[in-house]
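Protein chains in written order, with my numbering: chain A, 1 to 99; chain B, 100 to 198; chain C, 199 to 317; chain D, 318 to 436; chain E, 437 to 573; chain F, 574 to 710. Every residue gets a Cβ at the ideal spot worked out from N, C-alpha and C, and that includes glycine. Source: prediction; values computed, not measured. Just below is one structure, and these are the notes that go with it.
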């Protein structure tokens, strides 16, 4: 399946993401999920960014709301707008999961 | 200080409890906090019950709401009622913290 | 043009998830998609008109009304609303009230579903 | 007899924290304590009268009214209520509306404070 | 389009959140959704408990007696009664030390024919692939 | 009873929850609480950011521009302006890789005299002991 996963929390209370697989997987960081793109806890990148085979996106509005900019994000992650998210879920992926 | 701490979550998103100290510390498990009294994840008791020097309480109503009884709780934990919680916070402790 | 149905459950103020949802709906409509929104759980807080716009709280009533005018279909869970004391006369114009089966039926023909749970 | 002030922030339906809070208040009053309750954040959802009692949703209006009759003082954050579209005429009888300083002042003389945050 | 498969995935424990309850009540409402659909169309939900969500399926919940609200146990039984599949991830039950005899396994007393299925995450993954839409709670 | 110390402890990040905002607005309201109290009485709040709560104090938040809501940054500055102490746990800043120049350190442009204090958890613990009441958000 082609799956777009939304993460909106920094401290996650589920481990579904780690266990799921998809032929094509996009992880869209929104809300407090944006911290996975910018915070290096104890010097290490968020384990979310280690999900094998996934493409990573971060919503610019939510990033900048919290005081960060494109200069701060991991090179694995692409900045996107609301319009880009619409295109991702309508064109690039078939199913969504807000975890 | 004499501190009564309330825990109402199973997957906690703070680590304040681990870092705080109190001369007298009571940990009152309510809501989904009751799982700390009964669930042994991977065979191990909840790390909450390892907090040094603390007394542990679990609200019977919230325990039984979730399908557990006094027979299921760790021997470290004492079952209490709403009335008992009132006595604890009014008589035995001076400050409270709902984490 | 395709059809997107969103099920939104978190509350008006707090998580900013309704702010997100209406902005996403706006972007989808701007791209020519049909958008349906189902509000359940604490998201039924949108079913009380006359919310005041303060700078310290999420305020979505105005944007929601504009999107309804642009063809967004929005329906609120009737039982979830009544349990919170929101009656028919409280609902903003253009918002429907229905039972949960409305949402289930909408998913049937929708090309995409974005279901946003949580409080 | 001592005085307990509770600050309660989570929503009416969802976490069951308001159910907890009113039951604790009831137990404290039964033991002769004076109880003050401050509702802020999504807990202002109690400031809408006419909530329907369904078995699938937390319902606290009846217990709250009984506790008010027994002397519980309960005040709701005015701005938090207005932002959600709850006006003065929506509030149940006996519930006061005030700004946040009411709560801060209450803590001054209270023997105990139980502040329950969260959504 | 005929029947469309929906998958309701409950990932979190009961009562502290309204989500598990809403997953079950929404799934149950699929029964009456046909009034909004064309002849021959239907939605077919499966409700899956994974992660800490398996705690929703612990039996003997006293929510009605103690708090006056329907228990998630009772909703699970209602699902079984109307033939909505209930799946509980046994990998997570094992992780949390839950035995099958602690769980809501059937609604025999209500006359339900369907029983709870205890499945692996691999089976859940497969079902996710088969569903048209996913709803995570 | 004179002055009573209150400690507001913010443990979680901003925006996904209303809590950090409410901690700040409630602390600010201590300024006007005297109308409800006897002469000479007052409440004296300190607002402390610990754990992931330190993320509230990252500067350059664009919440007003992008979502039309006051940023927590702006509320922190308002606290400083009315001489309400703002403490940020530096142990947690270090853990999350936050440098002091990324943080809201003052409200000089508003004419505030007070500045953010970057403190250890040990100092916070001491202040918790000194406060009459604790409010965790």
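Inset, instruction - Using a Cβ cut-off of 7 Å, pull out every chain B residue sitting near residue 16(A), in sequence order please. - result: Residues of chain B passing the Cβ test: none, with the nearest at roughly 13 Å.
Legend entry - Closest residue to residue 619(F) among 625(F), 576(F) and 600(F) (Cα-Cα distance): 600(F)
Legend entry - Short CB-CB distance (under 8 Å) between residue 375(D) and chain E: yes
Inset, instruction - Please report the residue range of the alpha helix (DSSP H) in which residue 323(D) lies. - result: Element bounds for residue 323(D): not the alpha helix (DSSP H) but the beta strand (DSSP E), 320–325.
Legend entry - Proximity test, Cβ basis, 8 Å: residue 706(F) and chain B: yes
Legend entry - Secondary structure of residue 457(E), DSSP reduced to three states: In the structure shown, residue 457(E) adopts helical secondary structure according to DSSP, grouped into three states.
Legend entry - Per-residue burial, residue 434(D) [other beta carbons within 10 Å of its own, 16 or more giving buried]: buried
Legend entry - residue 118(B) at chain A interface by Cβ criterion, 8 Å: no
Legend entry - Cβ pair count under 8 Å reaching 3, the region 550–568 of chain E against the region 442–451 of chain E: yes
Legend entry - Closest residue to residue 192(B) among 123(B), 110(B) and 118(B) (Cα-Cα distance): 123(B)
Inset, instruction - Using DSSP bridges, identify the partner residues of residue 355(D). - result: 324(D) and 392(D)
Inset, instruction - Go ahead and pull the three-state DSSP assignment for residue 36(A). - result: helix
Inset, instruction - Could you tell me how far apart the beta carbons of residue 28(A) and residue 68(A) are, in whole angstroms, since I believe they sit closer than 8 Å? - result: Between residue 68(A) and residue 28(A) the Cβ distance is about 16 Å, and since that is not below 8 Å, they are no contact.
Legend entry - the region 200–207 of chain C in contact with the region 363–378 of chain D per 3-pair CB rule at 8 Å: With fewer than three CB-CB distances shorter than 8 Å, the region 200–207 of chain C does not count as touching the region 363–378 of chain D.
Inset, instruction - Check the DSSP bridge columns for residue 41(A) and list the partner residues they point to. - result: Per DSSP, 44(A).
Inset, instruction - Taking 8 Å as the cut-off, decide whether the C-beta atoms of residue 375(D) and residue 354(D) are in contact. - result: When the beta-carbon positions are compared, residue 375(D) and residue 354(D) stay at least 8 Å from each other.
Inset, instruction - Using the Cα positions of residue 547(E) and residue 465(E), report the straight-line distance between them to the nearest angstrom. - result: Going from the Cα of residue 547(E) to the Cα of residue 465(E) covers about 20 Å.
Legend entry - C-beta neighbour in chain D for residue 250(C), strict 8 Å: yes
Legend entry - Cα-Cα separation, residue 44(A) to residue 73(A): 13 Å
Inset, instruction - Identify whether residue 292(C) lies in helix, strand or coil by the three-state DSSP scheme. - result: coil
Inset, instruction - Mark residue 64(B) as exposed unless 16 or more other C-beta atoms lie within 10 angstroms of its C-beta, in which case mark it buried. - result: This structure cannot settle anything about residue 64(B), because the visible part of chain B is limited to 100 through 198.
Inset, instruction - Would you tell me roughly how many angstroms separate the C-alpha atoms of residue 158(B) and residue 182(B), rounded to the nearest one? - result: Each residue's alpha carbon lies about 10 Å from the other.
Inset, instruction - Kindly indicate if chain A contains any beta-carbon less than 8 Å away from that of residue 448(E). - result: yes
Legend entry - Extent of the continuous beta strand (DSSP E) to which residue 572(E) belongs: 569–572
Inset, instruction - With a 10 Å radius around its C-beta and 16 neighbouring C-beta atoms as the bar for buried, classify residue 180(B) as buried or exposed. - result: exposed
Inset, instruction - Return the chain-ordered list of same chain residues with a C-beta closer than 8 Å to the C-beta of residue 449(E), the five sequence neighbours on each side being excluded. - result: 456, 488, 489, 491 and 492
Inset, instruction - Using a Cβ cut-off of 9 Å, pull out every chain I residue sitting near residue 217(C), in sequence order please. - result: Included in the structure are the protein chains A, B, C, D, E and F, with no chain I among them.
Inset, instruction - Check the Cβ-Cβ distances between residue 325(D) and every residue of chain E, and say whether any is below 8 Å. - result: no
Inset, instruction - Could you name the residues of chain A that residue 214(C) contacts, counting a contact when the two beta carbons are closer than 8 Å? - result: 31
Inset, instruction - Could you tell me which chain A residues have their CB closer than 7 Å to the CB of residue 110(B), listed as they occur along the chain? - result: 13
Inset, instruction - Using a Cβ-Cβ cut-off of 8 Å, state whether residue 243(C) counts as contacting chain D. - result: yes
Legend entry - Anticipated Cβ contact below 8 Å, residue 663(F) with residue 691(F), distance rounded: 4 Å
Legend entry - Proximal residues of chain F, C-beta to C-beta of residue 417(D) below 7 Å: 598, 599 and 602
Legend entry - Cβ shell of residue 427(D) (< 6 Å), same chain only, five flanking positions each side left out: Closer than 6 Å at Cβ, skipping near neighbours: 320 and 322.
Inset, instruction - May I ask which residues mark the beginning and end of the beta strand (DSSP E) holding residue 478(E)? - result: 478–485
Inset, instruction - Mind the definition here: the region 220–240 of chain C touches the region 254–272 of chain C only if three or more C-beta pairs lie below 8 Å; say whether that holds. - result: The region 220–240 of chain C vs the region 254–272 of chain C: in contact.
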